[in-house]
Structures are given as C-alpha cells and as structure tokens.
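Positions in the sequence shown are counted from 1; adding 2 to them yields our numbering. Notes for the one structure printed next.
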Amino acid sequence: MKRIIDWGMKALAAFDWPLLAILALMMLLGMTVMQSAVGGTDWRFADQSRNFLIAFFVMWAVALVPPPQLMRLAVPFYILGIVLLLGVEFAGETSKGATRWLNLGFGRIQPSEMMKIAVPLMLAWYFHRHKGKVRILDFLAALVLLAIPFGLIAKQPDLGTALLVFTAGFCVIYLGGLSFKLLVPLMLVGVVGLGALIHYEPKICQPDVSWVMLHDYQKHRVCTLLDPTSDPLGKGFHTIQSMIAVGSGGVYGKGYMQGTQSHLDFIPERTTDFIFAVYAEEFGLYGGVMLLVLYALLITRGLSIAARARSQFGRLMAGSMSMMFFVYVFVNIGMVTGVLPVVGVPLPFMSYGGTALMTLGIASGILMSISHYRPKDP
Numbered sequence: 003m004k005r006i007i008d009w010g011m012k013a014l015a016a017f018d019w020p021l022l023a024i025l026a027l028m029m030l031l032g033m034t035v036m037q038s039a040v041g042g043t044d045w046r047f048a049d050q051s052r053n054f055l056i057a058f059f060v061m062w063a064v065a066l067v068p069p070p071q072l073m074r075l076a077v078p079f080y081i082l083g084i085v086l087l088l089g090v091e092f093a094g095e096t097s098k099g100a101t102r103w104l105n106l107g108f109g110r111i112q113p114s115e116m117m118k119i120a121v122p123l124m125l126a127w128y129f130h131r132h133k134g135k136v137r138i139l140d141f142l143a144a145l146v147l148l149a150i151p152f153g154l155i156a157k158q159p160d161l162g163t164a165l166l167v168f169t170a171g172f173c174v175i176y177l178g179g180l181s182f183k184l185l186v187p188l189m190l191v192g193v194v195g196l197g198a199l200i201h202y203e204p205k206i207c208q209p210d211v212s213w214v215m216l217h218d219y220q221k222h223r224v225c226t227l228l229d230p231t232s233d234p235l236g237k238g239f240h241t242i243q244s245m246i247a248v249g250s251g252g253v254y255g256k257g258y259m260q261g262t263q264s265h266l267d268f269i270p271e272r273t274t275d276f277i278f279a280v281y282a283e284e285f286g287l288y289g290g291v292m293l294l295v296l297y298a299l300l301i302t303r304g305l306s307i308a309a310r311a312r313s314q315f316g317r318l319m320a321g322s323m324s325m326m327f328f329v330y331v332f333v334n335i336g337m338v339t340g341v342l343p344v345v346g347v348p349l350p351f352m353s354y355g356g357t358a359l360m361t362l363g364i365a366s367g368i369l370m371s372i373s374h375y376r377p378k379d380p
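Next comes the structure, spelled out in structure tokens:
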C-alpha cells in the first residue's frame, strides 16, 4: 500500500501545476471553438476529445522521465528520425502532391513531426556535452545537424514543418552561445530581400517567371500574400475569406456559434489551419486578446522553467520548446490575418489533429520534466 501511495505522489509531483492550469484552459477553449467550427458534436469533435486525452497521458508519461534519461534518448531518437525521413524520400506515400508519410505496415506515420522534438533534443545534448568550451566549429557542426532534417523535410515538400523544425533547432544554437552580432548581417539581408520582393512583385510574380529552389505552389503562396486579389477564387481565396471573418468579428464578436463565414462554409480548413478565423469572428477583438494572453502565459511559464533549470540541457530544451510554441502561434495567426503566407501550421491546442497535439503534449511533458527535476546529491 505504501508503494502505491509513494508512486501516486511521485506521479502527481511530475506535474507543473501552473503550466497544467494554462493547458487546461487552452483545452477547454479549444474544444469550445471546435464545437462551433464543426457545427455541433460530430465525429471530429469526438476525435479531438480523444486526441486531447491521448496527448494528456503522453505529456504525463514524458513528465515522469527525468532530463538525464531524455539526454540518453537524444542521439538514437535523432538517428531514427533521419532514417525515417530517408525512408519517406525513397519509399514514402504521396497525398495531395506531397510525399510526407511512411507506411510501416501496421500504420502510417509522418516522420517530420517527430523532428520538431528530435532536433532540439539532439542539439541540446550536443551543447550540453560541449558546455564551457563551445567553439566556432561546434556551431558549424550544430548547423549541419540542423540542416540535414531541414533539407529532407523541405524536399517533401513541407515548408511549414521545415521552418518549425529549423526554428526549434536554431533557438537551441542561439541559446547555446551564438553571438547576436553574427545574426545582424542575416537580418539585414532578410530586410533587403523583403523590400526587393515587394518592389519587384509585379514582375517576379508573372506566370512565366520561375523561382529558384521554390516550388510553383510556394511561389503562388508568396505572391498571393502580396496581392490576394490577383487570384480571389483560387490561391487567394483562403486569405481573403479568413481576413473577412476576422474583420467581421469587430470588437465584441458575433457571438458563440453565430459566425456566418464559418457556418456558411466560406472559411476553408476551418477546423485546422484557419480555426483562428472562426474564433475571431465569434469572439471579436476582446476574445483574440484573451487568447493571446493565454499563449503569452504559456510561453512565459516555459521561459521561467528554462531560467530555473538545473542543467545546460534543461535550459536549452525548455527555451526551445517555449519558442516553438511562440512560432506556432505567430505563423498561424500571421497567415490567417494575411501577414504571412499560408504554410499549413496549426494553432496550438485549437486546431484539429492528433499528430500535432501529440507533439505539443511531448513538448509540454518535457517542460514539466525539467521543472520538477532536482538532481540527487553525489
């Protein structure tokens, strides 16, 4: 009996209660919006409820794994991910023009999703091993470790996931000691490139102009962002309709389950990538600000865990997972409001999908593991 009680206390101690409270609020809000997006409680609502339940237990299981054991899993997990990505490259299944899935016989998986965790895990392990003696060559080696999965995922093509993997990994490299001065030239090149893109948009977006290293659909997404009205019934339809939904919500919103754009099927992918448009139309500016506050609390809690971590590995992983949440939110809301191109990034804990929720559950579990970990005295 005493062992059972001790195990129960240990299992409960794995939770970071402030983080769990924020996640619980996000889940309730996500299921509320999902009910409106699907127009009731159909199979998608039931599936999402099941996905949240699975993600919760996955999060709990990961939270029980101490950071030293997570470090031991870093290298084999990364290697497994690379092998599976190579499997997708040579024997993957194609759907909707993209080869992103691998059939293992008993089921189909998307290896690129696991790299959102595997890449920062590997890089955090790498910088933990080189703590206190990081050299330029170490940063170059880390960039190679990051570039391999990024290139394989971008080639599928899946630019949205590739950017998320790159961002999660690059955050580890930056937090590992990369000087901000080295990033200034890259930032200047980005600003100049963006200005040139806007200035020459009428010429470079012509149908007979091809963009080097980008697929035609990616070119169309960028050109549609710059001028959605150029193809209002085609590539620009998603952006135009989502912007109409967000704007029509006004300050107070139209009311729960009263959104016309969503319930009249004008918003495409309203349960996944564009669920924020459903939310903004019904809850308005006030609701949008409340959602952003919840996300800010989630990210702040993650960064607080990073600041209090007892090891270099813990600080790097917690910081990376927190910034991954930020990028998810920034990219999704940016594309829904027409600020960024449509790249297929879900809104955390709001969009429908089991794989994305599993990844978010693992990330939350890692944060909880780092939060309650106390190394034993030697």
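Ideal Cβ positions, reconstructed from N, Cα and C, are used throughout, including at glycine. None of the values given here were measured: they were computed from a predicted structure.
Identified DSSP bridge partners for residue i
{"i": "E95", "result": "W103"}
{"i": "I138", "result": "For I138, which the question treats as bridged, DSSP gives no partner whatsoever."}
{"i": "R381", "result": "For residue 381 there is no data in the structure shown, the boundaries of the chain being 3 and 380."}
Contact check, residue i vs residue j, beta carbons under 9 angstroms
{"i": "Y375", "j": "P68", "result": "yes"}
{"i": "S324", "j": "L305", "result": "yes"}
{"i": "S373", "j": "A320", "result": "yes"}
{"i": "I175", "j": "S114", "result": "no"}
{"i": "V64", "j": "M326", "result": "no"}
{"i": "L318", "j": "G162", "result": "no"}
{"i": "L185", "j": "F141", "result": "no"}
{"i": "L359", "j": "I56", "result": "yes"}
{"i": "T262", "j": "M36", "result": "no"}
{"i": "W62", "j": "G316", "result": "no"}
{"i": "I307", "j": "L21", "result": "yes"}
{"i": "L106", "j": "Q112", "result": "no"}
{"i": "G252", "j": "G286", "result": "yes"}
{"i": "P151", "j": "I84", "result": "yes"}
{"i": "F312", "j": "P377", "result": "Sequence check: residue 312 is Arg here, not Phe. Closer than 9 angstroms, so yes."}
{"i": "W127", "j": "M189", "result": "no"}
{"i": "L166", "j": "V60", "result": "no"}
{"i": "S38", "j": "S264", "result": "yes"}
Candidates the options, of which the one nearest residue i by Cα
{"i": "G289", "options": "V77, R272, Y258, T361", "result": "Y258"}
{"i": "A170", "options": "M116, L142, F182", "result": "M116"}
{"i": "A279", "options": "S244, K118, E91", "result": "S244"}
{"i": "L147", "options": "F168, T163, R131", "result": "F168"}
{"i": "Q50", "options": "M292, G32, F59", "result": "G32"}
{"i": "D275", "options": "R46, V345, A48", "result": "V345"}
{"i": "Y354", "options": "L145, L25, N53, P20", "result": "N53"}
{"i": "I242", "options": "V193, V77, P270", "result": "P270"}
{"i": "L14", "options": "L66, S38, A26, M29", "result": "L66"}
{"i": "I364", "options": "T302, S322, S264", "result": "S322"}
{"i": "Q71", "options": "G83, F92, W19, M124", "result": "M124"}
{"i": "A23", "options": "Y281, R303, M73", "result": "R303"}
{"i": "Q158", "options": "L88, Q260, Y281, F332", "result": "L88"}
{"i": "A164", "options": "F182, V191, A120, P187", "result": "A120"}
{"i": "D18", "options": "L300, T357, T361, G356", "result": "L300"}
{"i": "H130", "options": "Q314, G356, G255, V333", "result": "Q314"}
{"i": "K256", "options": "F268, D267, L266, A282", "result": "A282"}
Sufficient close CB pairs (3 or more, under 8 angstroms) joining the stretch 42-52 to the stretch 343-351: no
Three or more C-beta pairs closer than 8 angstroms, one from the stretch 334-341 and one from the stretch 242-250: is that the case here? yes
Tell me, please, whether the stretch 82-101 touches the stretch 132-139 by the rule of three or more beta-carbon pairs shorter than 8 angstroms. no
Output the residue ranges of the alpha helix (DSSP H) runs that lie fully inside the stretch 106-188 and measure 4 residues or longer, sorted by chain position. 113-131, 138-156, 161-177
Enumerated in chain order, which unbroken segments of the alpha helix (DSSP H) with a length of 4 residues or greater are wholly contained in the stretch 19-91? 19-40, 45-65
Ranges of the beta strand (DSSP E) found wholly within the stretch 315-347, counting only runs of at least 3: none
In chain order, each alpha helix (DSSP H) run of at least 4 residues that lies wholly inside the stretch 237-306: 239-250, 262-265
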